[in-house]
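As structure tokens, the structure follows; a few thoughts come after it.
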Amino acid sequence: MKKIILSALLAVVALTPALACTNFIITKGASTDGSVMVSYSADSHQLYGCLYKHNATKYKAGTMLAVNEWDTGKYLGDIPQVAQTYSTVSNMNEHGLIITETTYGGRSELYNPEGIIDYGSLIYITLQRAKTAREAIETIASLTDTYGYASEGESFSIADENEAWIMEMIGKGPGKKGMVWVARRVPDGYISGHANQARITTFPLNDPENCLYAKDVISLAREKGYFNGKDEEFSFADAYAPLDFSAMRGCDARIWSFFRMFSEGMDQYLDYAMGHNPANRLPLWVKPTHKLSPKQVFDAMRDHYEGTPLDMTTDIGAGGHALPYRWRPMNFEVDGKTYVNERAIATQQTGFWMVGQARQNKTSILWFGTDDAATSPLTPIYVNTTEAPECLREGNGTMLKYSDTSMFWITNRVTQFAYLRYDLIGKKVREFIDEWENKAFDLVKDIDIAMGNTPSSKKKAKIATEFSTDTAQKLFDIWANLDKYLMVKYIDGNVKGEDENGFMDNGNGKDIPGKIEQPGYSEKWKRAVAADHGKILEVK
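Structure, rendered in structure tokens:
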């Protein structure tokens with residue numbers, strides 16, 4: 033997401049990235065089932081996680097579409113509506129087109145306050161109007177050229193059942209419509225990603241099959257003094273989003289962590305990921321050592337740098353229960369020195385997250401979840417569904433209004449409790465996640481067969497809708513029961529024993545626990561407390 037800071041004194045707009053969302057891209061040749069996959073976490077401290085649903089609609093000539101900024105709800109203007117829109121669900125449409133984003137900010141002076149199309153509206157309007165990734169790129173460029181771009185620098189993942197692209201864009205400044213941009217196709221068999229830092233550096237100037245760009249992307253950089261070399265030496269990222277420590281450590285480090293899970297040799301980029309060596313830049317894409325399954329992509333979104341020098345569970349900041357989170361702000365100071373609170377792939381401020389599967393010869397699927405990916409499950413939503421499940425419906429709760437029937441609020445309840453003793457409760461939640469998601473894959477196989485045997489598109493949509501809504505509601509019920517189970521099992525620092533019949537009692541028929549463990553704290557935490565306050569706490 034993004035944050036706009038208004039300065040009345042200077043009468044200008046200063047833009048800073050929230051170091052938020054993460055996208056991974058898996059081409060069909062790099063996936064076990066031949067699908068193109070894109071993952072996305074919409075990470076914002078103020079975004080409510082729900083499933084956006086738009087059904088295909090026909091409009092009369094002259095109908096206008098009101099554009100409201102996605103982050104703030106602010107009205108930006110009206111644009112003409114098209115005669116026919118496509119059905120969409122979250123960040124996918126009925127044709128299997130996927131569009132997701134991460135904000136990188138970039139040159140603040142290139143923000144255009146007169147633009148009408150912000151980055152969020154750009155995504156959802158394009159999903160309603162384009163069928164393929166290439167068509168989406170053309171639509172995005174046309175919309176901003178016509179109505180003006182109203183956001184800061186963005187990286188988009190754009191994919192269909194055949195190919196996947198990274199498109200990076202930024203405005204041209206006040207008084208200039210449109211934006212400058214570059215789009216590169218990820219080679220088949222490779223994986224890529226972006227996480228709030230522009231990733232496209234140099235690019236081929238004469239390869240329209242694999243690279244598209246705005247005609248003035250280089251000339252604007254020359255005009256602004258960002259670049260003065262030969263055209264073939266031009267780097268989009270260096271010109272429009274120069275690297276600094278936070279870009280490497282808080283942003284690209286997440287892509288490094290993803291790459292190292294599936295590709296060899298990534299430790300050579302550790303100094304870059306740590307923010308120490310900008311010259312050792314990560315490649316835009318890598319070839320994995322093996323093909324990725326959907327479940328592996330799901331779990332990659334749950335990473336906290338485990339097993340790396342950036343592992344958030346190993347230092348004293350993890351507390352006594354290996355908590356892999358650091359509350360904001362991103363930095364803190366001690367004795368005049370500044371230190372970083374790590375920003376991993378999985379993060380506490382996620383509104384919703386997803387993995388889109390664009391599939392050939394099968395209806396595409398959106399795997400959708402709410403809140404922190406590490407402690408929340410994904411549920412399958414077919415892209416031809418005609419309604420959103422009640423537990424994920426827009427309007428069922430907000431960030432300021434709790435709802436007992438909202439998936440966002442029940443996942444947050446479970447997650448907040450897990451944060452208290454992550455090594456115990458977080459581990460237990462993960463067991464439930466794995467059990468659910470593995471079961472969901474089997475359920476999807478059965479529905480794929482059922483829809484494959486049904487020639488009617490209306491009947492297919494009916495099957496897809498019933499399955500998607502019923503499955504999501506079943507998951508909601510499971511998580512509501514999990515919330516109660518965790519409370520009973522882990523209340524007050526205790527861990528109640530269980531056997532094959534459930535919680536163990538003391539045998540007297542009064543529901544009094546028969547076995548209670550008190551695991552205490554980690555060894556590192558105990559040593560830190562002893563060093564800090566041992567003279568007072570020591571038993572003599």
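Here the sequence shown is numbered in the working numbering, starting from 33 and rising by one per residue.
Idealized CB from N, CA, C, for every residue including glycine.
This structure is a prediction, so every number in the text was calculated from the model and none was measured.
{"Asked": "Ends of the beta strand (DSSP E) at glutamine 300?", "Found": "Glutamine 300 -> no beta strand (DSSP E), and no H or E assigned at all."}
{"Asked": "By alpha-carbon positions, which one of Tyr454, Ile130, Pro274, Pro326 ends up nearest to asparagine 194?", "Found": "Ile130"}
{"Asked": "By the three-class DSSP mapping on this structure, what secondary structure does alanine 50 have?", "Found": "Because the pLDDT at alanine 50 is just 43, under 50, the model does not fix this residue reliably, and the value given afterwards should be weighed accordingly. DSSP places alanine 50 in coil when its eight states are reduced to three."}
{"Asked": "Compute the distance between the beta-carbons of isoleucine 250 and aspartate 263, then report whether it is under 8 Å.", "Found": "yes"}
{"Asked": "With burial defined as no fewer than 16 other Cβ atoms inside 10 Å of the residue's Cβ, what is the status of isoleucine 519: buried or exposed?", "Found": "Residue identity differs from the one stated: residue 519 is methionine in this sequence, not isoleucine. With fewer than 16 Cβ atoms within 10 Å of its Cβ, methionine 519 is classed as exposed."}
{"Asked": "Can the beta-carbon of alanine 285 be found closer than 8 Å to that of alanine 305?", "Found": "yes"}
{"Asked": "Look at the alpha carbon of proline 274 and the alpha carbon of glycine 261, and state the distance between them as a whole number of angstroms.", "Found": "16 Å"}
{"Asked": "By the three-class DSSP mapping on this structure, what secondary structure does lysine 106 have?", "Found": "coil"}
{"Asked": "In the stretch 257 to 312, which residue ranges form an unbroken alpha helix (DSSP H) of at least 4 residues, counting only runs that do not cross its ends?", "Found": "268 to 272, 285 to 294, 302 to 305"}
{"Asked": "Does DSSP classify tryptophan 359 as helix, strand or coil?", "Found": "coil"}
{"Asked": "List the residues that DSSP assigns as beta-bridge partners of lysine 178.", "Found": "Sequence check: residue 178 is threonine here, not lysine. DSSP lists no partner for threonine 178."}
{"Asked": "Name the DSSP beta bridge partners of tryptophan 317, please?", "Found": "Ser224"}
{"Asked": "Suppose contacts are defined by Cβ-Cβ distances below 8 Å. Is lysine 394 in contact with aspartate 480 by that definition?", "Found": "yes"}
{"Asked": "Where phenylalanine 464 and tyrosine 517 are concerned, what is the direct C-alpha to C-alpha distance, given to the nearest angstrom?", "Found": "12 Å"}
{"Asked": "Please state whether DSSP places cysteine 243 in a helix, a strand or coil.", "Found": "strand"}
{"Asked": "Measuring alpha carbon to alpha carbon, tell me which of Met201, Asp220, Pro315, Ser224 ends up nearest aspartate 248.", "Found": "Met201"}
{"Asked": "Report the partner residues of tyrosine 371 according to the DSSP bridge assignment.", "Found": "Phe364"}
{"Asked": "Excluding the 5 residues preceding and the 5 following tyrosine 245 in the sequence, name in chain order all residues of the same chain whose CB lies nearer than 6 Å to its CB.", "Found": "Val214"}
{"Asked": "Buried or exposed: which applies to threonine 64, given that a residue is buried once 16 or more other Cβ atoms fall within 10 Å of its Cβ?", "Found": "exposed"}
{"Asked": "How many angstroms separate the CA atom of threonine 430 from the CA atom of lysine 92?", "Found": "33 Å"}
{"Asked": "Could you tell me the alpha carbon to alpha carbon distance between valine 212 and tyrosine 454, rounded to whole angstroms?", "Found": "44 Å"}
{"Asked": "Is it true that the CB of proline 206 sits closer than 8 Å to the CB of asparagine 22?", "Found": "No information on residue 22 is available, as it lies outside the stretch 33 to 572 that the chain covers here."}
{"Asked": "Whole angstroms are fine: how far does the CA of aspartate 502 sit from the CA of phenylalanine 508?", "Found": "10 Å"}
{"Asked": "Can you tell me the Cα-Cα spacing of alanine 563 and tryptophan 557, whole angstroms?", "Found": "10 Å"}
{"Asked": "In three-state DSSP terms, what is lysine 131?", "Found": "What sits at residue 131 in the sequence shown is isoleucine, not lysine. Residue state, collapsed to three classes: strand."}
{"Asked": "Would you call lysine 490 buried or exposed, if buried means 16 or more other Cβ atoms sit within 10 Å of its Cβ?", "Found": "exposed"}
{"Asked": "Return the Cβ separation of alanine 230 and serine 187 in integer angstroms, given the expectation that the two are a contact with Cβ distance under 8 Å.", "Found": "6 Å"}
{"Asked": "Under 8 Å, do alanine 162 and threonine 59 count as touching if we go by C-beta distance?", "Found": "no"}
{"Asked": "Taking the beta carbon of arginine 559 as the centre, do at least 16 other beta carbons fall within 10 Å, making it buried, or is it exposed?", "Found": "exposed"}
{"Asked": "Do the stretch 71 to 81 and the stretch 166 to 180 make contact, defined as three or more Cβ pairs closer than 8 Å?", "Found": "no"}
{"Asked": "Under 8 Å, with one C-beta from each stretch per pair, do the stretch 133 to 147 and the stretch 173 to 184 reach the 3-pair mark?", "Found": "yes"}
{"Asked": "Alpha carbon to alpha carbon, how far is alanine 271 from tryptophan 359? Give it in angstroms, no decimals.", "Found": "32 Å"}
{"Asked": "Give a yes or no on whether the C-beta atoms belonging to histidine 353 and leucine 456 are separated by under 8 Å.", "Found": "yes"}
{"Asked": "Between the alpha carbons of threonine 164 and aspartate 192, how many angstroms are there, rounded?", "Found": "6 Å"}
{"Asked": "Would you mind giving the Cβ-Cβ distance between glycine 61 and glycine 221, rounded to the nearest angstrom? I have them listed as a contact below 8 Å.", "Found": "4 Å"}
{"Asked": "In chain order, what residues of the same chain lie with their CB nearer than 7 Å to the CB of asparagine 444, ignoring the 5 residues before and after it?", "Found": "Asp403"}
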